[in-house]
Amino acid sequence: MKPRALALAATAVLAATALPAQAASAEGEHLEGHLASGAAYMMDMPARWNGTVLLFSHGYNPQGSPNPAQNAPSSAARSRLLDQGYALVGSSYATTGWAVADAVPDQLATLDLFTQRFGAARQTLAWGKSYGGFVTSTIAERHPDRIDGSLSMCGLVQGGIANWNSTLDPVFALKTLLAPDSGLRLTGFADQAEAKSAASALTGKLTAAQQTPQGRARIALAAALHNIPGHNDPSQPKPGPADWAGQQKNQYAAVAGLLQTAAFSWRQEAESRAGGNPSWNTGVDYAAMLRHSSVYKEVTELYKEAGLTLRDDLAALNRAPRTSADPRAVAWMRHTSAFTGRLTDPQLNIHTTGDGLIPVQAESAYRRAATAGGSAGLLRQAYVDGPGHCTFTTGESLAAVHALERRLATGRWDTAPDALNSAAKTEDPAAEARYTDYRPTAYPRPYDLAHRDDGPGRRGQAAR
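Mature numbering (1 follows the signal peptide of the UniProt record, and there is no 0) puts the sequence shown at residues -23 to -1, 1 to 441.
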């Protein structure tokens, strides 16, 4: 077991008080309470603890939404892991939105309370999904003494600056091609009302454009800049490889969702924390970015069908006025939300190939950072062949947990699809196991602290 910062547990006892056990019996023990920060926490101790504690970081909760504590990705996963003897802990984070500055200390304080109540764990694994995968990787890089390994599931592992840059690109394309004279603001919102008003206005343009072949081609171009796949939700029909119309229809739904969430409302909340706009597209070559998109072929075919010249629209994007970042906001994001790529302990990342919210190319961005940071040997990435964001089965999630454990026990990775699928079927025999050989294309605009040449104004980032 690693040396633990056990002195912090004494501090945590002063900072937060656990409620009496909600359930204590042969079935185990369940605790809930609140940290001094106001974050709720939840702990489940099985009747027969195997010595491992799993620290779960939950996904993004928008500003003003319910924010309960979570210690597992689903009730099914919780039940299965408790049956296997794992202790499960997690917090709500003190605030909603882009809450990394609250999430990391709240998660560590929850670990401190667990240690004070139950004693030191033999092994501590951090895991999380979506935004929680970002929190998990932040803990792994910045607090490696607190954990032994980590698992990021469909995580935002491109980091904050890369995420907000790549969120800017599709809305910049939509405004330029669908509403060039609208004066719509894409960043720097005064408040949520202004952000939502801009989202509504651009959504109106999007809806109208979807009614024409020319508009659909341009929406596909915007989706391609974000690498939104043509099958990105399990409820969508799966288009054929050359069903360009079917793919575009599915992308349209994802783009519409992006406008109502991350591109405007969520951005404004993040900007309010950062003290300004942390995004830029100065110096970006959108023609180069499109050529490296995973859905480039679809865009070219739809432009032909619409009778448009793709070259002309790309030239319009490259001529359009650009957005510059606020240096103070970039500095805040660098300090709180950018990765170094330097791991001390093994990390496994899993991602669905059809993710439209955090496209699978995010894994390329973290691979790039880990390689530059000298941690490539500690990182493994595995892919589930399926549409949607975080649409893993219980078996697929638990198979990844056990693969990480085996790496810690043996010093060797075994993350081949066959091995993961076999483990997934053991955990969840009724569900399909879908791990597959896959390698994502490059992330369009990576940004990490291991590369000194990342920054505003740099051209050709999509080609790396």
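Each residue gets a CB set at the ideal place from its N, CA and C atoms; glycine is no exception.
- Contact annotation: Gln100 and Thr29 have beta-carbon atoms nearer than 8 Å.
- Under the three-state reduction of DSSP, Gln188 is assigned to coil, being neither helix nor strand.
- Distance from the CA atom of Val66 to the CA atom of Thr418, rounded to whole angstroms, is 35 Å.
- Unbroken beta strand (DSSP E) stretches of 3 residues or longer found wholly inside the segment 151 to 198: none.
- Here Phe33 is bridged, per DSSP, to Trp104.
- For Asp289, there is no enclosing beta strand (DSSP E); the residue is part of the alpha helix (DSSP H) that begins and ends at 287 to 296.
- In this chain, Asn326 is not harboured by any alpha helix (DSSP H); it is covered by the beta strand (DSSP E) spanning 324 to 331.
- Take the alpha-carbon of Ala194 and the one of Ala297: they are about 19 Å apart.
- Non-local beta-carbon contacts of Leu375 in its own chain, meaning distances under 8 Å to residues more than five positions away in sequence, involve Ala54, Arg57, Leu58, Ala400, Ala401, Glu404, Asp405 in chain order.
- Bridge pairing for Leu8: Met20 [DSSP].
- One Cα belongs to Ala342, the other to Gly10, and the distance between them is close to 37 Å.
- Separation of Arg250 and Thr238 (C-alpha to C-alpha, rounded to the nearest whole angstrom) is 17 Å.
- Our two residues, Pro211 and Pro364, have alpha carbons roughly 5 Å apart in a direct line.
- The three-state reading of DSSP puts Arg357 in strand, counting E and B together.
- Given a length threshold of 4 residues, each whole run of the alpha helix (DSSP H) inside the segment 36 to 88 is given here in chain order: 52 to 60.
- Secondary structure note for Leu128: its beta strand (DSSP E) is the uninterrupted segment 126 to 130.
- Between Ser301 and Trp257, the CB-CB gap stays under 8 Å.
- For Ala230, the closest C-alpha among the options Ala219, Pro214, Ala407, Pro82 is that of Pro214.
- With 16 or more other Cβ atoms inside 10 Å of its own Cβ, Gln135 counts as buried.
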